[in-house]
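Protein chains in written order, with my numbering: chain A, 3 to 264; chain B, 3 to 264.
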């Protein structure tokens with residue numbers, strides 16, 4: 003009877019574990035329940051940091067199915083257009099160009115910090131160390147090697163380029179960003195690999211000296227700008243795959259970002 | 003004693019499962035041991051399907067750190083350049099353009115079928131249904147929703163564009179591809195989402211009518227061409243993340259491909 007009871011305990015544990023896993027290896031080699039696309043479509047109406055910069059996006063059809071039996075185009079665009087990555091070399095001479103960012107840093111636990119409420123009252127709001135502390139109280143400490151994104155709610159303006167740039171009469175833009183203090187904390191105390199945001203820049207709109215760019219790109223991080231669908235992305239528990247065009251010597255480039263939901 | 007024996011069985015199973023998992027959730031939110039980059043760097047010397055087509059790749063520096071305090075460039079290139087994706091709309095009118103491919107199809111179990119030996123004796127070799135059968139004898143049946151890539155060994159010629167195109171005196175190229183029969187089997191009997199290869203085309207070099215393109219793009223698959231590092235990628239057990247530029251209306255585009263190793 004002893005052996006039988008042992009077996010019953012064993013089988014009970016087995017059943018529990020298979021149930022808890024939900025996607026056991028055998029039936030799902032992928033092991034993810036879903037994918038969230040954090041990328042905006044690249045099109046001629048994309049809002050740009052410099053007003054009118056989107057004229058640089060050009061598409062030319064070079065073959066059509068009617069005439070050539072296949073369809074193909076040539077494309078032209080700035081490296082920093084639409085949902086894109088800033089490589090460290092965008093600001094830090096001699097550091098990684100976009101093709102040199104180690105691929106291990108492009109697959110990372112994703113942390114999404116919501117600051118919509120603060121932004122609602124102040125479009126120039128900068129994500130603070132306090133916002134990070136509040137996030138950690140709920141979700142636990144940010145793991146080393148994470149990618150940290152700010153969900154500011156700014157995406158609702160994406161299809162209204164003027165409201166997304168939000169320039170005042172003097173041409174100064176107003177949109178939220180990361181504070182320098184928050185960036186320093188995330189680098190020094192949390193060893194993150196990158197920062198992301200759903201606005202035109204990791205530095206807030208009125209920034210003149212791009213202090214966060216200078217600091218965090220200078221410390222080997224990458225930046226992701228004009229990120230999409232952060233309002234649909236859990237605060238923690240997903241894995242980001244950051245997939246930039248592998249441009250030799252690039253200062254950055256178009257990027258596809260996916261969050262894999264476990 | 004019965005309860006104690008039950009507990010011993012339970013704990014024994016628990017220990018076994020934790021050991022077998024190797025990367026339990028608690029210690030590794032990412033859950034992958036490594037990343038293989040299946041992407042070639044985009045540069046002016048990339049071999050192209052049409053001879054000299056790489057002249058269409060142009061880079062212009064628009065800002066330098068010395069002059070502007072930041073570094074940025076504009077880029078121009080064909081959608082089908084370097085490691086790239088063919089969307090169904092490349093050959094099948096009215097079907098998915100590159101931005102319309104459902105993101106769930108871009109994260110898929112990766113199958114790598116090596117045909118180097120056959121290619122060594124015949125550069126025009128086409129991956130056959132028999133090659134698939136041989137792979138399945140060793141690795142088990144290809145799961146539904148997989149991405150199937152041919153490792154032909156052709157990558158060793160990547161930096162020698164003439165040898166990679168391998169055109170004869172009449173201008174006919176000679177490099178390996180997928181046979182139409184293999185593509186039909188993979189679509190009809192294995193429900194794959196895409197095909198990939200380490201040559202210029204899924205159809206072999208001498209192809210005139212692009213039969214495999216017609217068939218598999220016509221059935222909603224995507225193609226990945228000029229894939230890198232397949233010789234370093236396990237035949238099975240990795241998960242591919244296929245991350246194309248999200249070009250509105252694109253026939254295809256530059257793609258970053260990563261294999262996540264569990």
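All C-beta atoms in this analysis are idealised placements derived from N, C-alpha and C, irrespective of residue type, glycine included.
* For residue 47(A), which of helix, strand or coil comes out of DSSP? -> In the structure shown, residue 47(A) falls within a coil segment according to DSSP collapsed to helix, strand and coil.
* To which residues does DSSP link residue 224(A) through a beta bridge? -> DSSP lists 196(A) as partners of residue 224(A).
* For residue 211(A), which three-state DSSP category applies? -> The answer is coil: DSSP assigns residue 211(A) none of H, G, I, E or B.
* Asked: Counting only beta-carbon atoms, is residue 202(B) nearer than 8 Å to chain A?
  -> Contacts with chain A at 8 Å (Cβ-Cβ) do not include residue 202(B).
* Asked: With 16 as the cutoff for other CB atoms within 10 Å, does residue 99(B) come out buried or exposed?
  -> Residue 99(B) is buried by the Cβ-count criterion.
* Asked: Can you give the beta carbon distance from residue 161(A) to residue 202(A), rounded, assuming they're within the 8 Å contact cut?
  -> Contact doesn't hold; Cβ gap of about 14 Å is too wide.
* Asked: What did DSSP end up calling residue 244(A) once you bin it into helix, strand or coil?
  -> In this structure, residue 244(A) counts as strand in the three-state DSSP scheme.
* Asked: alpha helix (DSSP H) containing residue 134(A): first to last residue?
  -> Boundaries of the alpha helix (DSSP H) around residue 134(A): 131-141.
* Chain-order list of residues whose beta-carbon lies under 8 Å from that of residue 153(A) (same chain, five-residue window excluded) -> The residues 114, 115, 116, 117, 118, 200, 232, 233 and 235, in chain order, have a CB closer than 8 Å to that of residue 153(A) in the same chain once the five nearest residues on each side in sequence are set aside.
* To do: Buried or exposed for residue 44(B), please, with buried defined as at least 16 other CB atoms from any protein chain shown within 10 angstroms of its CB.
  => Result: buried.
* By how many angstroms is the C-alpha of residue 197(B) removed from the C-alpha of residue 206(A)? -> Looking at the two C-alpha atoms, the distance is approximately 43 Å.
* Return the chain-ordered ranges of every alpha helix (DSSP H) run that is complete within the region 64-96 of chain A and spans a minimum of 4 residues. => Listed in chain order, they are 67-70.
* Asked: CB of residue 38(B) to nearest heavy atom of the ligand SAM: below 7 Å?
  -> The model depicted lacks the ligand SAM and carries no ligand whatsoever.
* **Option nearest residue 243(A) by Cα separation, candidates 108(B), 126(B) and 256(B)** => Looking from the CA of residue 243(A), the closest CA among 108(B), 126(B) and 256(B) belongs to 108(B).
* Can you find a C-beta in chain B that's less than 8 Å from the C-beta of residue 210(A)? -> It does not: the Cβ of residue 210(A) has no partner Cβ on chain B nearer than 8 Å.
* Nearest to residue 48(A) by CA position, among 79(A), 38(A), 36(A) and 39(A), is which residue? -> Of the candidates 79(A), 38(A), 36(A) and 39(A), 79(A) places its Cα closest to the Cα of residue 48(A).
* Does any residue of chain A bring its CB to less than 8 Å from the CB of residue 246(B)? -> For residue 246(B), a Cβ of chain A is located within less than 8 Å of the residue's own Cβ.
* With 8 Å set as the bound, which would you pick, yes or no: does the beta-carbon of residue 213(A) sit closer than that to a beta-carbon of chain B? -> Residue-level contact check: residue 213(A) does not touch chain B, since none of the beta carbons of chain B fall below 8 Å from its beta carbon.
* To do: Check the Cβ of residue 72(B) against every Cβ in chain A and list those closer than 8 Å, keeping chain order.
  => Neighbours of residue 72(B) on chain A, chain order: 92, 93, 212, 215 and 253.
* To do: Would you mind sorting residue 103(B) into buried or exposed? The rule is 16 or more other CB atoms within 10 Å of its CB.
  => By the neighbour-count rule (16 or more Cβ atoms within 10 Å), residue 103(B) is buried.
* Taking residue 302(B) and residue 238(B) to be in contact with their CB atoms under 8 Å, please state how far apart those CB atoms are, rounded to whole angstroms. => There is simply no residue 302(B) to check, as chain B begins at 3 and stops at 264 in what is shown.
* chain B partners of residue 165(A), CB-CB under 9 Å? -> Correct list: empty, because the minimum Cβ distance to chain B is about 21 Å.
* Does the beta carbon of residue 187(A) sit closer than 8 Å to a beta carbon anywhere in chain B? -> Judged by the 8 Å Cβ criterion, residue 187(A) is not in contact with chain B.
* To do: Just confirm the distance between the C-beta atoms of residue 53(B) and residue 134(B), as a whole number of angstroms; I'd bet it's less than 8 Å.
  => So it is not a contact: roughly 33 Å between Cβ atoms.
* To do: Would you list the residues sitting across from residue 34(B) in a DSSP beta bridge?
  => DSSP output for residue 34(B) lists no bridge partner at all.
* Asked: Are the C-beta atoms of residue 194(B) and some chain A residue less than 8 Å apart?
  -> So, not an interface residue.
* Asked: Does the Cβ of residue 140(B) have 16 or more other Cβ atoms within 10 Å, making it buried, or fewer, making it exposed?
  -> Label assigned to residue 140(B): exposed.
* Can you name the residues of chain B whose CB is closer than 7 Å to the CB of residue 154(A)? -> Listed by position along chain B, the residues whose Cβ is nearer than 7 Å to that of residue 154(A) form an empty set, because the closest Cβ is around 21 Å away.
* To do: Compare the C-beta of residue 159(A) with all C-beta atoms of chain B and state if any pair is closer than 8 Å.
  => Not one beta carbon of chain B lies nearer than 8 Å to the beta carbon of residue 159(A).
* Can you name the residues that DSSP bridges to residue 110(B)? -> Bridge pairing for residue 110(B): 242(B) [DSSP].
* The alpha helix (DSSP H) spanning residue 1(A) covers which residue range? -> Absent from the structure is residue 1(A), since the part of chain A shown begins at 3 and ends at 264.
* Simplified DSSP state of residue 204(B), which is helix, strand or coil -> The three-state secondary structure of residue 204(B), taken from DSSP, is coil.
* Asked: Distance, Cα to Cα, residue 259(B) vs residue 76(B)?
  -> Residue 259(B) and residue 76(B) have their C-alpha atoms spaced approximately 23 Å apart.
* Does any residue of chain A bring its CB to less than 8 Å from the CB of residue 258(B)? -> The beta carbon of residue 258(B) sits closer than 8 Å to some beta carbon of chain A.
* Taking 8 Å as the threshold, find out whether the region 62-77 of chain A comes into contact with the region 80-93 of chain B through three or more Cβ pairs. => Between the region 62-77 of chain A and the region 80-93 of chain B there are three or more C-beta pairs closer than 8 Å, enough to call the two in contact.
* Amino acids of chain B, ordered along the chain, whose beta-carbon sits closer than 8 Å to that of residue 81(A) -> Ordered by position in chain B, the residues that pass the 8 Å Cβ test against residue 81(A) are 74, 75, 76 and 77.
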